[in-house]
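Once you know that position 199 of the sequence shown is 199 in our numbering, the rest is easy, because the numbers rise by one and skip nothing. Glycine is no exception: its CB is placed at the ideal position from the N, C-alpha and C atoms.
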Amino acid sequence: MLALSSLMLVLQILLTNNDELLFTFNLKYSSKNHHEFYSDVDVAIGNNTIFVLDIGNKRVLGLDSNYNTILSFGKEGNGPGELNMITNLILTEHRLIVNGFSKQIFDFKGEYLGQINYLSSVGLIEENGKLVLLLESDISGHFNPLYFDLEGKDIGNQLAAHQGGYVSSRKKNSESELKIRHVEKLNNSYIIQYFGRYMFGITTNGTTTLYNRIYERKKYETYDDLVFAIDNGQILTKELYGEALEMYKKKFGEYRDDISGIIGTISNCILILTSSNNQKFLKFDMINLTTRTYREFKYKFEDKVKRVKLFKDQMIVSFLSDETGPYFNIYKIEI
1 MLALSSLMLV
11 LQILLTNNDE
21 LLFTFNLKYS
31 SKNHHEFYSD
41 VDVAIGNNTI
51 FVLDIGNKRV
61 LGLDSNYNTI
71 LSFGKEGNGP
81 GELNMITNLI
91 LTEHRLIVNG
101 FSKQIFDFKG
111 EYLGQINYLS
121 SVGLIEENGK
131 LVLLLESDIS
141 GHFNPLYFDL
151 EGKDIGNQLA
161 AHQGGYVSSR
171 KKNSESELKI
181 RHVEKLNNSY
191 IIQYFGRYMF
201 GITTNGTTTL
211 YNRIYERKKY
221 ETYDDLVFAI
231 DNGQILTKEL
241 YGEALEMYKK
251 KFGEYRDDIS
261 GIIGTISNCI
271 LILTSSNNQK
281 FLKFDMINLT
291 TRTYREFKYK
301 FEDKVKRVKL
311 FKDQMIVSFL
321 SDETGPYFNI
331 YKIEI
């Protein structure tokens with residue numbers, strides 16, 4: 001199981017710019033005029049189905065390859081299979097998980113199977129027929145993996161559910177420690193995202209390679225969209241004013257995290273979402289892991305960009321329109 005510590009072999013790679021890296025994406029589908037959502041949406045693609053988490057309406061929709069609705073489940077509530085305080089979808093090999101106050105587990109037909117009640121984690125993956133919840137257990141980056149079956153039943157874990165594990169904290173102006181923000185599985189490796197400066201890691205067979213590049217840090221120009229909680233890679237935001245705003249600035253500093261998220265991988269490239277003070281811009285680096293080079297891409301849209309994910313050769317971008325509300329676009333990727 002994944003661990004990052006002084007006992008592991010750590011390599012560090014400085015990425016170099018390569019303007020010859022090519023990337024195009026063409027719009028395949030937009031839900032803007034076909035579906036009505038409320039508040040926000042998150043999208044995942046798997047099992048030949050496009051799963052849409054309609055956060056405001058507390059439901060999950062399933063669309064087929066022609067974007068017709070073939071599945072709908074979920075309702076608001078606090079009981080088994082009911083949805084409340086939900087944030088995002090987690091798609092594993094055999095399960096669809098609605099993440100939030102708890103991690104509700106469904107099969108791909110929408111049948112509720114169980115839930116995991118640990119609140120704080122840096123990753124949830126499926127491995128060898130088990131669900132593995134990754135908790136950062138100490139400041140050195142060791143992980144305390146908790147194991148569950150595919151219905152969320154505890155498999156010999158020692159930590160009580162109400163403890164929730166160690167919650168990683170951020171330190172203002174700290175440059176000496178890598179604070180883990182999120183972990184994803186990539187084939188037989190793990191991609192690790194960190195708080196703060198431009199740095200991400202890929203761990204394979206006990207060796208962690210850290211990648212970084214020269215990056216101009218972005219200060220918060222406004223504080224109306226600040227992070228106040230992070231769970232399994234999903235950023236929750238709220239408006240801050242007055243004393244609450246000053247406390248936030250003292251605790252976390254005035255700079256955005258250089259890396260906002262890991263979009264996904266395609267071919268031998270990884271797409272890294274980078275920080276921006278303009279919510280209508282989509283900025284990301286395409287990094288060729290073979291040549292250890294990157295190229296920065298920047299696109300401007302009419303509406304606010306909320307989430308970005310990559311599933312094979314399809315990029316899902318969720319938006320928020322002041323006029324029509326939340327919607328998502330699906331783009332075909334070519335490199």
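Contact between the stretch 290 to 298 and the stretch 323 to 333 is not established, with fewer than three Cβ pairs separated by less than 8 Å. Taking the CA atoms as reference points, N78 sits about 6 Å from N84.
Remark: C-beta atoms of K283 and T290 do not approach each other more closely than 9 Å.
When only Cα atoms are considered, L22 and I272 end up about 15 Å apart.
Under the three-state reduction of DSSP output, E76 falls in the strand class. In this structure, M315 places its C-beta atom within 9 Å of the C-beta atom of G264. For H182, the enclosing beta strand (DSSP E) begins and ends at 180 to 186. Shortest Cα-Cα distance from D54 to any of L71, G46, N47 involves L71.
Per DSSP, the beta bridge partners of Y190 are K185, T203. Between R256 and T16, the C-beta gap is not smaller than 9 Å, which leaves the two residues out of contact. Excluding the 5 residues flanking it on each side, E334 has same chain C-beta neighbours closer than 6 Å at T24, in chain order.
Burial check for M247: the Cβ neighbour count within 10 Å stays below 16, so the residue is exposed. For V60, the enclosing beta strand (DSSP E) begins and ends at 59 to 63.
Between the stretch 26 to 39 and the stretch 83 to 100, the count of Cβ pairs shorter than 8 Å is below three; the stretches do not touch. The residue from K298, M286, N288, S267 with its alpha-carbon nearest to that of Q279 is K298. By the Cβ-count criterion, L11 is exposed, with fewer than 16 other Cβ atoms from all chains shown falling within 10 Å of its own Cβ. Taken atom to atom, the span from the alpha-carbon of L210 to that of K185 is near 16 Å. A straight line joining the alpha-carbon of G74 with that of I45 spans about 18 Å.
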